[in-house]
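Participant: First to last, the sequence lines map onto chains Z and R. Sequential numbering of the first sequence, starting at 2, is according to my numbering. Sequential numbering of the second sequence, starting at 3, is according to my numbering. All residues carry an ideal CB built from backbone N, CA and C; glycine is no exception.
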Amino acid sequence: MKRLWGHSLEFQLAVRLAALYIAATLIIVAALVYQAYSTAGSLSDMDLRRRAVDLARLVKIGEGAKPQLELPAKLARAYQSPEQTFLFVVRDAKGHVIASATPEIRDAVSAWPAADDEPSYFRLEQFGPTEQNYHGLSMRADSQAGALSVTVARATDETELVHTVLREFVTDVAWTIPLIVLATLVIGVLAIRGGLEPIRKISSQAASINPANLSVRLPEDNLPSEIHPLVEAMNRVLDRLEKGFAAQRQFTANAAHELRTPLAVIAAALDGMEGNGQLAKLRLDVARMGRLVEQLLRVARLDAIALDVSAVVNLSAIVTEVVGYMAPIAVAQGVSLAAQGVDQPSYVKGNRFAMEDALRNLVENALMHTRPGTEVIVAGSSEGAVSVADRGPGVPPEDRDHLFERFWRARDARGSGAGLGLAIVREIMKAHKGSVSVEDNPGGGTVFTLHFPKTETAPLSA
Amino acid sequence: MRVLLIEDEPRLVELLEAALSRAGFAVDAVGTCSEGQAAISLSPYDAVILDLSLPDGDGLSVLKATRASGNRVPILILTARDAVEDRVLGLDSGADDYLVKPFATAELVARIKALLRRPGGALGIVLQAGNVTLDTIGRDVKVGSVSIAPARREVAILEHLMRRAGRVVPKAVLEEKLYGMDEELDSNAIPVHIHHLRRKLLEAGATAEIHTVRGIGYLLCESER
């Protein structure tokens with residue numbers, strides 16, 4: 002829960018929205034209820050006042066010039082019901098009781114002062130034989146007998162009006178309120194989701210940016226104005242990043258290229274000298290530097306150019322080509338090279354030159370490590386794989402992951418490589434959506450295998 | 003043997019002249035298209051090394067003009083970028099081989115020699131590898147000063163391997179060259195010939211060896227001494 006709150010804008014907005022709706026609903030309902038009661042209250046007051054006025058009007062001068070209350074039968078019934086819902090006391094200006102509903106109310110009210118201009122309200126608790134609560138008013142009303150002080154009271158338990166209203170309200174309307182709240186809540190949440198959709202889309206697009214895919218830019222059209230500055234800033238950062246990478250690659254490529262010529266000069270100059278063992282060592286050192294420079298260039302080129310791997314290539318032809326090319330070098334090192342499995346063509350999708358490069362690197366590696374007098378076997382398979390097997394010391398399992406890192410060399414590394422060859426192989430295989438693996442060679446040594454994704458069908462023409 | 007070098011970069015000219023003369027060539031060096039064209043038409047060279055980027059024009063024009071005049075001298079072109087298009091264009095226009103700059107001078111020398119070993123080339127009549135010489139006209143093979151007498155077919159194989167010394171010759175190519183299409187070919191025929199050839203060379207103390215590249219073919223190399 003805490004995690005959701007902290008990390009989800011949607012969740013926060015939805016919860017706040019829900020809280021708002023619920024609070025609003027509660028307030029409205031409370032207001033309505035209060036208003037109902039209040040209205041009922043004033044309705045009740047109006048009713049009492051009307052009764053008081055009516056009662057006053059019903060006072061007539063009777064026998065002996067004394068004021069008398071003449072209640073019509075209907076009213077008499079209402080005022081004299083055993084429930085004692087309505088009580089009244091009518092007094093003259095001097096406070097003498099002219100008429101009353103019950104002796105108890107007469108006794109209670111006669112002690113009160115006469116009503117004045119403003120009606121006064123009162124409450125009675127547990128009053129009379131019925132022990133009900135009453136609320137009532139006393140007011141001055143005109144009559145034939147002059148100004149009278151009329152007191153009318155009504156039992157409060159009988160606030161039927163309000164209860165009826167409320168009950169009607171609850172049964173008819175109130176049950177719809179939660180539904181409406183739910184509906185508006187759902188609409189609200191959906192609206193929030195919809196509103197945040199551009200952010201989600203941008204996020205997934207941003208996730209696809211990686212060093213191999215730096216040219217992606219987030220779309221800046223149709224964005225909410227709140228995110229637009231952010232996305233724009235992001236795109237500018239990507240611009241700078243891409244330029245930075247390009248500059249770095251360019252630098253590496255330029256540096257390597259510039260190094261080639263002086264190295265060629267030194268190598269040639271050494272060639273021209275007569276010499277002893279030291280000279281031979283110098284030549285080897287220069288050759289090693291030359292190889293490193295070539296590999297640096299190759300790596301820089303691989304980084305910079307998206308390799309076109311769409312051509313259909315015959316793996317068997319590549320094996321034949323590379324073995325043919327490397328055989329003299331192997332012989333010069335006292336090692337022999339053999340090709341296997343090249344009788345049938347084997348087609349995969351790729352870039353011929355890059356594939357040759359990768360295989361050549363593996364063979365160079367094998368030639369460097371295999372024992373003198375042994376044979377390095379390059380084998381093609383019909384499954385789109387090419388393997389290079391040597392009879393060298395083998396690769397310990399703990400080194401196998403590091404093998405393909407740039408500039409990584411084993412602890413007791415032999416040979417004059419700089420550790421770039423295998424890294425180049427891995428980059429090339431990655432560009433081909435393939436892989437390179439290393440295993441033990443049964444009988445001693447190592448087998449490196451290039452795995453190319455197989456094409457579905459062979460081409461119609463070779 | 004005379005080689006014409008058409009190259010304008012002075013340092014490179016220096017290097018190549020030195021390497022080529024060490025290898026036994028006499029080198030003439032010029033620096034522009036027009037000089038190059040003049041030199042080719044004036045004297046016969048055994049090979050021409052032509053840089054494609056020259057100050058007064060595209061080296062390709064020299065190439066085309068030379069071929070157009072019927073001159074079949076072996077030409078090796080030097081290109082500064084390894085763009086495939088340049089390569090293909092050069093070869094299509096009549097060049098015999100190419101090298102991408104910068105290159106190892108040893109590589110250049112090896113390629114020039116290979117060009118010259120073609121039939122009719124300066125090194126193509128009497129082939130040499132180590133202390134083995136093969137007279138392609140007289141069809142005899144000498145190791146040092148001793149004549150060895152391989153069978154006719156073995157001489158043919160040896161000639162082929164010597165012309166492409168230092169490079170692998172596919173078995174299929176040897177079979178094709180030695181046997182016509184109608185003849186029945188035993189797949190063991192070539193290996194047997196090679197075996198005999200090896201033995202004879204070994205016994206005579208040759209300083210060139212035939213190596214088997216299993217699955218591809220054969221390779222003749224000068225032995226390390």
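List the DSSP bridge partners of D391 of chain Z.
Facilitator: By one-based count along the first sequence, residue 391 of chain Z stands at place 390. BP columns for D391 of chain Z are empty, so no partner.
Participant: Note down, one range per segment and in chain order, each beta strand (DSSP E) of at least 3 residues found wholly within the segment 74 to 122 of chain R.
Facilitator: Within the segment 74 to 122 of chain R, the complete beta strand (DSSP E) runs of at least 3 residues are 77 to 81 and 99 to 102.
Participant: From what residue to what residue does the alpha helix (DSSP H) around V91 of chain Z run?
Facilitator: In the first sequence, counting from the first residue as 1, residue 91 of chain Z sits at position 90. No alpha helix (DSSP H) contains V91 of chain Z, which is instead part of the beta strand (DSSP E) from F87 to R92.
Participant: Give me the chain Z residues within the contact set of L221 of chain R, using Cβ-Cβ distance strictly less than 7 Å, ordered along the chain.
Facilitator: Numbered from its first residue, the second sequence carries residue 221 of chain R at position 219. In chain order: A328, P329 and V332.
Participant: Using the three-state DSSP reduction, which class does H136 of chain Z fall into: helix, strand or coil?
Facilitator: Translated into the one-based positions of the first sequence, residue 136 of chain Z becomes position 135. Of the three classes helix, strand and coil, the one that applies to H136 of chain Z here is strand, per DSSP.
Participant: Interface residues of chain R around S337 of chain Z at Cβ under 9 Å?
Facilitator: For the purposes of this step, residue 337 of chain Z is identified with residue 336 of the first sequence, where counting begins at 1. Within chain R, the residues near S337 of chain Z are H213, T214, V215 and R216.
Participant: Please work out which residues of its chain come closer than 8 Å, Cβ to Cβ, to P454 of chain Z, disregarding the five sequence neighbours upstream and downstream, and give them in chain order.
Facilitator: Counting from one through the first sequence, the residue named residue 454 of chain Z turns up at place 453. So the list reads V349, K350, G385, H433, K434 and G435, once near-sequence residues are dropped.
Participant: Can you have a look at R361 of chain Z and say buried or exposed, based on whether 16 or more other CB atoms are within 10 angstroms of its CB?
Facilitator: As a working mapping, residue 361 of chain Z is identified with position 360 in the first sequence. It is buried - the Cβ of R361 of chain Z has at least 16 other Cβ atoms within 10 Å.
Participant: Using a Cβ-Cβ distance under 9 Å, would Q341 of chain Z count as near chain R?
Facilitator: Stepping through the first sequence from its first residue, residue 341 of chain Z is reached at position 340. Closer than 9 Å: yes.
Participant: According to DSSP, simplified to helix, strand and coil, what is A100 of chain Z?
Facilitator: On the first sequence, position 99 is the one that residue 100 of chain Z refers to. If DSSP states are grouped into helix, strand and coil, A100 of chain Z belongs with the strands.
Participant: How about V151 of chain Z and V98 of chain Z: are their beta carbons less than 9 Å apart?
Facilitator: Position 150 of the first sequence, counted from the start, is the residue given in the question as residue 151 of chain Z. Position 97 of the first sequence, counted from the start, is the residue given in the question as residue 98 of chain Z. No, the pair does not count as a contact, with Cβ atoms beyond the cut-off.
Participant: Please classify E406 of chain Z as buried or exposed, where buried requires at least 16 other C-beta atoms within 10 Å of its C-beta.
Facilitator: For the purposes of this step, residue 406 of chain Z is taken as the residue at position 405 of the first sequence. With fewer than 16 other Cβ atoms within 10 Å, it is exposed.
Participant: When DSSP builds the beta bridges, which residues end up paired with I378 of chain Z?
Facilitator: By one-based count along the first sequence, residue 378 of chain Z stands at place 377. Partner(s): Z:A339 and Z:A390.
Participant: Under 8 Å from any heavy atom of the ligand GDP, does the C-beta of R51 of chain Z make it?
Facilitator: Only the bare structure without any ligand can be found here, which leaves the ligand GDP out of the picture.
Participant: Per the contact definition of three or more C-beta pairs closer than 8 Å, is the segment 445 to 452 of chain Z in contact with the segment 386 to 405 of chain Z?
Facilitator: Yes, they touch.
Participant: Report the residues of the segment 23 to 34 of chain R with a CB closer than 9 Å to any CB of chain Z, ordered along the chain.
Facilitator: Against chain Z - using a Cβ distance shorter than 9 Å - the residues of the segment 23 to 34 of chain R are R24.
Participant: Taking Cβ positions only, does A463 of chain Z come closer than 9 Å to chain R?
Facilitator: Position 462 of the first sequence, counting from 1, holds the residue named residue 463 of chain Z. Residue confidence is low: A463 of chain Z scores 44 on pLDDT, short of 50, so the model does not pin down where it sits. No coordinate-derived value is stated.
Participant: Consult DSSP for G80 of chain Z and reduce its assignment to one of helix, strand or coil.
Facilitator: Within the first sequence, the letter at position 79 stands for residue 80 of chain Z. The question names Gly, yet the displayed sequence has Tyr at residue 80 of chain Z. Residue state, collapsed to three classes: helix.
Participant: Buried or exposed: which applies to L293 of chain Z, given that a residue is buried once 16 or more other Cβ atoms fall within 10 Å of its Cβ?
Facilitator: The sequence position of residue 293 of chain Z within the first sequence is 292, counting from 1. With 16 or more other Cβ atoms within 10 Å, it is buried.
Participant: Does T262 of chain Z have its Cβ less than 9 Å from a Cβ in chain R?
Facilitator: Position 261 of the first sequence, counted from the first residue, corresponds to residue 262 of chain Z. Interface residue, yes.
Participant: Determine the direct distance from the alpha carbon of R201 of chain R to that of V194 of chain R, and round the result to whole angstroms.
Facilitator: Reading the second sequence from its first residue, position 192 is the one you call residue 194 of chain R. Reading the second sequence from its first residue, position 199 is the one you call residue 201 of chain R. Taking the straight line from one Cα to the other gives about 11 Å.
Participant: Which residues, in order along the segment 269 to 299 of chain Z, keep a beta-carbon less than 7 Å from a beta-carbon of chain R?
Facilitator: Going along the segment 269 to 299 of chain Z in chain order, one finds A269, D272 and G273 with a Cβ nearer than 7 Å to chain R.
Participant: Could you give the DSSP three-state label for V426 of chain Z: helix, strand or coil?
Facilitator: As a working mapping, residue 426 of chain Z is identified with position 425 in the first sequence. Helix.
Participant: Quick one: residues in its chain with C-beta nearer than 6 Å to the C-beta of R124 of chain Z, no 5 flanking neighbours on either side, listed in chain order?
Facilitator: By one-based count along the first sequence, residue 124 of chain Z stands at place 123. Only H136 meet the Cβ criterion.
Participant: With a threshold of 16 other CB atoms inside 10 Å of the CB of T172 of chain Z, please say whether the residue is buried or exposed.
Facilitator: In the first sequence, residue 172 of chain Z corresponds to position 171, counting from 1. So T172 of chain Z ends up on the exposed side.
Participant: Apply the 10 Å Cβ neighbour rule to M274 of chain Z and answer buried if 16 or more other Cβ atoms are within range, or exposed otherwise.
Facilitator: For the purposes of this step, residue 274 of chain Z is taken as the residue at position 273 of the first sequence. Classification for M274 of chain Z: exposed.
Participant: Mind checking which residues open and close the alpha helix (DSSP H) that includes N255 of chain Z?
Facilitator: For this step, residue 255 of chain Z is matched to residue 254 along the first sequence. H229 to D272 is the extent of the alpha helix (DSSP H) around N255 of chain Z.
Participant: Any C-beta of chain Z sitting closer than 9 Å to the C-beta of G168 of chain R?
Facilitator: Locating residue 168 of chain R in the second sequence gives position 166, counting from the first residue. Yes, G168 of chain R lies at the interface with chain Z (some Cβ there is under 9 Å from its Cβ).
Participant: Check whether chain Z comes within 9 Å of T107 of chain R, counting only Cβ atoms and requiring the distance to be less than that.
Facilitator: Taking the second sequence and counting its residues from 1, one reaches residue 107 of chain R at position 105. Yes - at least one Cβ of chain Z is within 9 Å of the one on T107 of chain R.
Participant: On a CA-only basis, which of R:L203, R:V143, R:R155 and R:V5 is nearest G182 of chain R? Give me that one, please.
Facilitator: Here residue 182 of chain R refers to the residue found at position 180 of the second sequence. When only C-alpha atoms are compared, the closest one is R:R155.
Participant: What's the C-alpha gap between R24 of chain R and K144 of chain R?
Facilitator: The residue you call residue 24 of chain R lines up with position 22 of the second sequence. The residue you call residue 144 of chain R lines up with position 142 of the second sequence. Distance between the alpha carbons of R24 of chain R and K144 of chain R is about 25 Å.
Participant: Could you say if the segment 94 to 101 of chain R and the segment 64 to 81 of chain R meet the contact criterion of at least three C-beta pairs nearer than 8 Å?
Facilitator: Yes, since at least three Cβ pairs between the segment 94 to 101 of chain R and the segment 64 to 81 of chain R fall closer than 8 Å, the two stretches touch.
Participant: Does S462 of chain Z pass the burial test, meaning 16 or more other C-beta atoms within 10 Å, or should it be called exposed?
Facilitator: Here the question's residue 462 of chain Z lines up with position 461 in the first sequence. Because the pLDDT at S462 of chain Z is just 44, under 50, the model does not fix this residue reliably, and the value given afterwards should be weighed accordingly. Exposed, because fewer than 16 other Cβ atoms sit within 10 Å of the Cβ of S462 of chain Z.
Participant: Just tell me which of R:L204, R:I196 and R:R169 has its CA closest to the CA of A333 of chain Z.
Facilitator: The sequence position of residue 333 of chain Z within the first sequence is 332, counting from 1. Of R:L204, R:I196 and R:R169, the residue nearest in Cα terms is R:R169.
Participant: Cα-Cα, which of Z:P397, Z:G381 and Z:N366 is closest to L421 of chain Z?
Facilitator: As a first step, residue 421 of chain Z must be located in the first sequence, where it is residue number 420. The option with the nearest alpha carbon to L421 of chain Z is Z:N366.
Participant: Tell me C35 of chain R's beta-bridge partners as DSSP assigns them.
Facilitator: On the second sequence, residue 35 of chain R is found 33 positions in, with the first residue counted as 1. Answer is none; C35 of chain R lacks a bridge partner.
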